[in-house]
Structure formats: structure tokens, C-alpha cells
Amino acid sequence: MSVVHIAADLPQFLQRRELAAYEQRLARMAYAYGVDLRRAQWLATSTVVDPIMRAVDRRWSQLVSSLDEDSLHPLRKAPPTALLEELSRLIHMLRAPLPTLRILRREVASRWPAITPLGTTKGGIHWLVLDLDRVMQMSAPERTFALASGLGHLQCEHGPIFATHLMADRGHRMGLMRSLLRPWAKVSVFSADRAGLVAVRSLSVAIETIERQTAEQVPWMPRWPELAVRRQALEDFDRSALMARRRVLSDDEGGGWTMAPPGREEELDSIGRKLSAAFGGALRLGGRLAMKIEGYERRPDGDNEDRGDPSEATADAAPADARPDDAEASTESPPPEPPPPEPPKLDPERASALEKALRNAWTLARCDSRLTRRLGLL
6 MSVVHIAADL PQFLQRRELA AYEQRLARMA YAYGVDLRRA QWLATSTVVD PIMRAVDRRW
66 SQLVSSLDED SLHPLRKAPP TALLEELSRL IHMLRAPLPT LRILRREVAS RWPAITPLGT
126 TKGGIHWLVL DLDRVMQMSA PERTFALASG LGHLQCEHGP IFATHLMADR GHRMGLMRSL
186 LRPWAKVSVF SADRAGLVAV RSLSVAIETI ERQTAEQVPW MPRWPELAVR RQALEDFDRS
246 ALMARRRVLS DDEGGGWTMA PPGREEELDS IGRKLSAAFG GALRLGGRLA MKIEGYERRP
306 DGDNEDRGDP SEATADAAPA DARPDDAEAS TESPPPEPPP PEPPKLDPER ASALEKALRN
366 AWTLARCDSR LTRRLGLL
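Here our numbering runs 5 ahead of the position in the sequence shown, where the first position is 1.
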């Protein structure tokens, strides 16, 4: 019976984690509001604010215990399979993190939004709390927008903001933090709205859904900006180059397109090889240090006085059945690696349509600039 060490798959595990985090960062940079991303980065790296935000992590277990008692169904209650399949498709398309799904009880569902993103700092925990009745009563496009919007909140690390508001409402002495986070909550919704629009591709559906969300505003959630500002922000983003690619490159049902552009698999593979090589080098360095500490340090040949006859050492080192053919074969260079596969090419008709759509499309910086001036943040 062979025993596998617990750290045998550690390099592969770290590689997958690094690649997933890298994809998520690229994806949110492709669509999210720039001011929101910069504020979130400052919130996570500030030596003053980051320790304060750790209060969300310290109180998370207490929050979960209280929610399990009075608000949430047990974990064994799962959403319908069709909803899980749609959520899986959106996670793949947006390169979003995989959330834990929790279902609200009917008696408290009116005090919650239909979909609530919650989480801890540094992306440690991601939750989507669903009012299953309201979610399943939505039309298919509205449900897609709402789910993608919730995933966009998690991807842009807004979970701690909503968790802070919920903790303050439940008496966890987080009122001051809730007040301090209002500027972050004010701009977070624009990134989530963009994620929803990317998912549904229809501006009219997106506007109808945010109007419904505004009408169902619950007291403990942060106050969103005015509906007219959110509508104008979506109209601007609908003219962006990302939406042009989304409409041209996806199929009739909206599939066949993800945030990762075609041909990026080779880039990810090269990064994975670099990470694996770096980790292997660290292991080898650790082994040499351990041998040195235990007294097995290798010394140069000139310092070894007890080697004996060099011919005997050579004879011991060489295998008994070694042949000249083996020596010649060992000096040959390894065969060259095959070239990476070429990315798939567009057919001429679709390539022409994409070029025409991108010619008049707006850059993401232009959309961000217009929204920033409209919010008065300059």
C-alpha cells in the first residue's frame, strides 16, 4: 500500500489558485468602473483601513450563526438544477469566483433583496443569499442580469461592504464602519450593473431590472445612486468596445463567449510553467539548506581527502552494462517542444462585422470619465 504525502499536489494547487486569481483580475479590469477598482485596492492595502476592515472577518462566524438560527435554510436545501446550471455558465463567462449559495426563509425574505452578495476581506469567503421564490419568478433575462450582477459584486470584492451593513443592522456595533463605507457603496453598483449588461446583452432588459431593484430597496442595504445616473451609465457602457465584441462574437443565445479572449490559453500555460518552476526551485533550495544544517554539505573535489582511488570511484559510478551507444545517446539534445497551437481564426464575415463595430465603439476609459464627471468625483 503506497502512501501519498499531503503536500504532493501543493504546487498544482497553488498554480490553479494563482491562475484563477489572475483571470479574475483581468476580467474585472475589462468591465468594472475604474474608480471602484482603485478604491477597492486602496481599501485592501491601506495600513490604516485594512485592520479596521478585518472586523468583518472577526465577526463573520457570529453573523453566520445568527443567520442560521433565524434567516437561512439549512445547507441541505439546494436551488433547482436549472438555476445552478445558469449560475455555472455565468461564472465561467465572467471568470467570477465560485460562491456558496444560501436560501432565505420565506418569513424573512421581504427584509432582504432577491440576491444578496456577502463576503469577507481578501476574497476569503463568497456568499450569494437568494430569495428563491422571487428569483424563480423573474423572467429568464432578468434573472440572468440579477445573478450576473451579484457575481460582479463578489468579483469586485464588494462582499465585505454588504456584510458590514448587515452586521450593523443586526446590532454588531458596526455603525461607524457602515458610515465610512458609503463612498465605496456609492460606486460599487456601477461595476455590478456592467456585469449584468455583459451577461444579458440587452440594454432594455438591464434598465428594467435595475428599476425593479430600486423599487425593492430594503432599509439595511446601502442607498444606490439615482436611477437616472445608473441608466445613463449603462447606456454609455452599452457603446463600449467590450459590448461590441460581446454581441459580435457570441452566438444567438449569448453563449460561446467569455471574458478570456481567444488564444490566451497559451499565455496561461506559460505562466503556469513559470510558477511551477519557481516553486520547484524553492523546494530544491529548501532541501540544500536542510542538508547543510544536518552536516551533509557537499564540498569541492579538492577538499575531499578520503576519496580513495579515482579509478575505483569511476568504476563504481558507471553501470556494469554501460555501452558507448548509451553515452552517445545521453549527450544528444532533447527533442524540441512542439509549437503552441494557433488561436482560432474568425471567418471573414464575422471579422468584418467586428471591425465595423469596433470602429465606432467607445473605450472603457471614456465611459469611466463620463460617469466620474456625472458623479462629481473629479
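The beta carbon of each residue, even a glycine, is placed where N, CA and C say it ideally should be. It should be emphasised that the depicted structure is a prediction, and the values quoted were computed from it without experimental measurement.
Reference residue i, options the options, closest by Cα
i, options, result
"residue 198", "19, 67, 41 and 356", "41"
"residue 194", "179, 168, 238 and 184", "238"
"residue 172", "221, 68, 55 and 22", "68"
"residue 183", "177, 26, 170 and 262", "170"
"residue 264", "177, 26 and 35", "35"
"residue 92", "353, 22, 145 and 379", "145"
"residue 137", "163, 131, 110 and 123", "110"
"residue 187", "178, 163, 66 and 369", "163"
"residue 200", "216, 243 and 79", "243"
"residue 74", "112, 142 and 21", "112"
"residue 87", "72, 148 and 123", "148"
"residue 98", "257, 181, 258 and 204", "204"
"residue 185", "202, 81, 256 and 54", "54"
"residue 2", "79, 143, 52 and 232", "With the chain running from 6 to 383 in the structure shown, residue 2 is simply not present."
"residue 76", "121, 47 and 143", "121"
"residue 218", "361, 85, 143 and 21", "143"
Inter-residue Cα distance where the pair is residue i and residue j
i, j, result
"residue 105", "residue 17", "23 Å"
"residue 377", "residue 191", "12 Å"
"residue 234", "residue 14", "49 Å"
"residue 208", "residue 240", "7 Å"
"residue 372", "residue 249", "14 Å"
"residue 175", "residue 24", "37 Å"
"residue 251", "residue 50", "33 Å"
"residue 2", "residue 43", "As displayed, the chain neither begins before 6 nor continues past 383, which places residue 2 out of reach and without an answer."
"residue 71", "residue 206", "39 Å"
"residue 214", "residue 178", "33 Å"
"residue 216", "residue 344", "51 Å"
"residue 167", "residue 129", "15 Å"
"residue 257", "residue 341", "42 Å"
"residue 19", "residue 26", "11 Å"
"residue 89", "residue 96", "10 Å"
"residue 381", "residue 78", "43 Å"
"residue 360", "residue 66", "51 Å"
"residue 375", "residue 48", "24 Å"
"residue 124", "residue 262", "28 Å"
"residue 180", "residue 255", "45 Å"
"residue 132", "residue 236", "27 Å"
"residue 21", "residue 85", "29 Å"
"residue 307", "residue 52", "Note that residue 307 scores a pLDDT of 47, beneath 50, so its modelled location is shaky and nothing firm can be said."
"residue 80", "residue 114", "17 Å"
Beta-carbon proximity of residue i to residue j, cut-off 9 Å
i, j, result
"residue 154", "residue 38", "no"
"residue 45", "residue 189", "yes"
"residue 151", "residue 134", "no"
"residue 223", "residue 355", "no"
"residue 83", "residue 57", "no"
"residue 260", "residue 100", "no"
"residue 126", "residue 64", "no"
"residue 221", "residue 118", "yes"
"residue 116", "residue 225", "yes"
"residue 246", "residue 369", "yes"
"residue 61", "residue 165", "yes"
- Message: When you compare the region 357-366 with the region 17-36, are there three or more beta-carbon pairs, one atom per stretch, that lie closer than 8 Å?
- Response: no
- Touch test, the region 94-105 against the region 147-161, Cβ-Cβ under 8 Å, three pairs minimum: yes
- Task: Could you pull out every unbroken alpha helix (DSSP H) segment of at least 4 residues lying fully inside the region 154-226, listed in chain order?
- Result: 164-174, 180-185, 187-205 and 208-220
- Whole alpha helix (DSSP H) runs in the region 76-123 with 4 or more residues, listed along the chain? 86-99
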